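Colleague:
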Amino acid sequence: MAADKQAFVKRMQENKNIIFKICNSYCSKKEDRDDLAQEIVLNLWKSFAGFTPNFKFSTWMYRIALNVAISFYRKEMRTIKFDAYSEDLIVFSADSDEKVEIEKNLGLLQKFILELNEIDKSIMLLYLDDKSYREIAEITGISESNVATKINRIKNKLKSKF
Amino acid sequence: MFMELDDLKTIWRDYDSTLEKSLNLNLHTLDLIQTQKIKSALKPLYWQRIIEITFHTIAIVLLSVFCYYNYNQLPYAISAYVLITFYSLAFRNCFIQLGSLNDINADKNIISIQTSLARIQSNSVNFVRLSVLFIPALLSFPVVISKAINDLELKSFSNFDIFKQTNGNWFNAEIIAFAILVPLGIWFYNEIDYKNVNKKWVKNVIEKASGIRVRKVIEYIKELQVLKYGSV
């Protein structure tokens with residue numbers, strides 16, 4: 010089990026960006042973001058034993074993480090408000106947070122994603138991460154044609170923003 | 400200005416590489432955050448119990464004063480003694496729960512948190528059993544209150560005398576209520592037990608007795624176990 014945990018931690022560090030981008034797209038508040046990140050890592054850990062190398066790790070990870078994010082978003086799982094944590098799960102090295110925020114178009118894009126509904130958010134994230142329509146369909150559980158339709162709609166919405 | 404999706408993908412890729420350099424997942428804090436979550440979820444329970452203890456203490460003091468002045472009037476005194484017994488048991492229950500909540504606050508280890516939580520749960524179940532058993536006794540309240548109003552000569556409430564209001568039929572009504580509610584209360588008291596947890600309604604009552612917070616904390620503890628040991 011210890012070896013599994015080590016392997017899991019390594020995988021998480023390799024794919025930390027996925028967790029952050031999902032949390033950032035589904036939660037506007039920092040404390041919600043940390044709660045969701047924790048929820049995602051926990052669920053990934055629970056399912057890690059069932060992961061087989063036949064699948065691409067990022068696809069497997071996206072599928073679980075997006076499911077958790079969608080139910081977090083829908084059910085507003087934070088029915089109980091928690092005290093601020095003494096340590097954060099997601100941390101930035103000094104002065105880097107600011108650097109990420111500087112790019113104006115990135116800010117607009119993040120705002121745009123935050124305003125999308127929970128399914129479109131996941132499609133947009135996967136699309137921006139260069140996933141194929143087939144992969145997006147596989148992760149989100151909707152048909153490829155439906156993915157194409159939704160991406161077209163998102164593109165039209167985007168035109169009005171950028 | 401209109402940007403193509405490909406341009407946005409480029410921005411997104413740049414963002415990704417910035418994150419790669421600057422972002423860190425503090426995975427070692429997961430256990431700590433989960434433990435904090437448990438304590439945080441239980442905090443309001445602590446204050447609820449303090450408020451309940453205060454309320455029960457006031458009730459016990461007032462009823463004791465009532466007994467002192469009416470000890471020679473048996474029906475009133477008995478009614479008050481029954482109520483004092485109920486509030487004393489409720490007080491004891493809250494006090495035990497408060498102790499368990501304090502233990503959780505001081506503990507770091509899952510097993511002792513689970514033990515304290517089990518104590519809170521069984522206490523909450525006991526309180527529900529007790530409350531149902533005492534429903535007939537709580538019917539004594541109007542008797543005690545109307546006597547207290549008379550003793551205190553509160554003019555504006557002088558019409559509130561349960562015996563006058565019911566033309567002296569209060570005791571008859573109470574005897575009938577006792578005859579129905581006492582066996583029901585005893586039956587409920589015996590049924591609500593962990594040994595009957597296989598019955599769906601008993602399981603529901605037991606689960607709901609401890610409230611949503613304790614149920615949530617039990618879930619968090621299971622998660623903490625998964626985080627620490629990989630299984631529940």
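If you're matching them up, the sequences are chains H and F in order.
Residue numbers for the first sequence follow our numbering, beginning at 10 and rising by one.
Residue numbers for the second sequence follow our numbering, beginning at 400 and rising by one.
For each residue, glycine too, the CB sits at the ideal point set by N, CA and C.
For clarity, every value in this text was computed on a predicted model and none was experimentally measured.
(1) Which value, in whole angstroms, describes the spacing of the CA atoms of F/Trp586 and F/Tyr593?
(2) Counting only the same chain and skipping the five closest in sequence on each side, list residues whose C-beta sits under 6 Å from that of F/Arg518.
(3) Can you find at least 3 beta carbon pairs, one from the region 56-71 of chain H and one from the region 139-151 of chain H, that sit closer than 8 Å?
(4) Are the C-beta atoms of H/Lys108 and some chain F residue less than 8 Å apart?
(5) Taking DSSP as the reference, what is the three-state secondary structure of F/Val596?
(6) Applying a beta-carbon distance threshold of less than 8 Å, which residues of chain H neighbour F/Asn597?
(7) Distance cutoff 8 Å, beta carbons only. Does F/Trp411 sit that close to anything in chain H?
(8) Taking just the CA atoms, how far does H/Phe121 sit from F/Ile449?
(9) If you run the structure through DSSP and keep just helix, strand and coil, what is F/Thr417?
(10) Just to confirm my understanding: we take F/Ala633, look at its own chain, exclude 5 residues before and 5 after, and list those with CB closer than 6 Å. What are they?
(11) May I have the straight-line CA-CA distance separating F/Gly584 from F/Asn566, to the nearest angstrom?
(12) Between F/Leu497 and chain H, is there a C-beta pair that is closer than 8 Å?
(13) Do F/Val604 and F/Ile591 have their beta-carbon atoms positioned less than 8 Å apart in this structure?
(14) Report buried or exposed for H/Pro62, applying the criterion of at least 16 other Cβ atoms within 10 angstroms of its Cβ.
(15) So, are the CB atoms of F/Asp430 and F/Leu623 less than 8 Å apart?
(16) Beta-carbon within less than 8 Å of F/Arg412's beta-carbon, same chain only, minus the 5 sequence neighbours each way: which residues are those?
(17) In chain order, what residues of the region 41-54 of chain H put their CB closer than 8 Å to some CB of chain F?
(18) Please decide whether F/Gly498 counts as near chain B, where near means a Cβ-Cβ distance under 8 Å.
(19) Quick one: what does DSSP say F/Ser552 is sitting in, helix, strand or coil?
Modeller: The relevant details are as follows:
(1) 15 Å
(2) Ser499
(3) yes
(4) Interpretation of H/Lys108 is limited by its pLDDT of 49, a score under 50 that renders its predicted location unreliable; the figure taken from the coordinates is listed afterwards. Chain F, which has a Cβ nearer than 8 Å to the Cβ of H/Lys108, makes this yes.
(5) coil
(6) The premise fails here: F/Asn597 is roughly 28 Å from chain H at the closest Cβ pair, so nothing lies under 8 Å.
(7) yes
(8) 47 Å
(9) helix
(10) Residue 633 of chain F cannot be examined here, being either before or after the span of chain F that is shown, 400 to 631.
(11) 28 Å
(12) no
(13) yes
(14) exposed
(15) yes
(16) none
(17) Asp43, Ala46, Gln47, Val50, Leu51 and Trp54
(18) In summary, chain B is missing from the structure at hand, where the protein chains are H and F.
(19) Checking the sequence shown, residue 552 of chain F turns out to be Glu, not Ser. Of the three classes helix, strand and coil, the one that applies to F/Glu552 here is coil, per DSSP.
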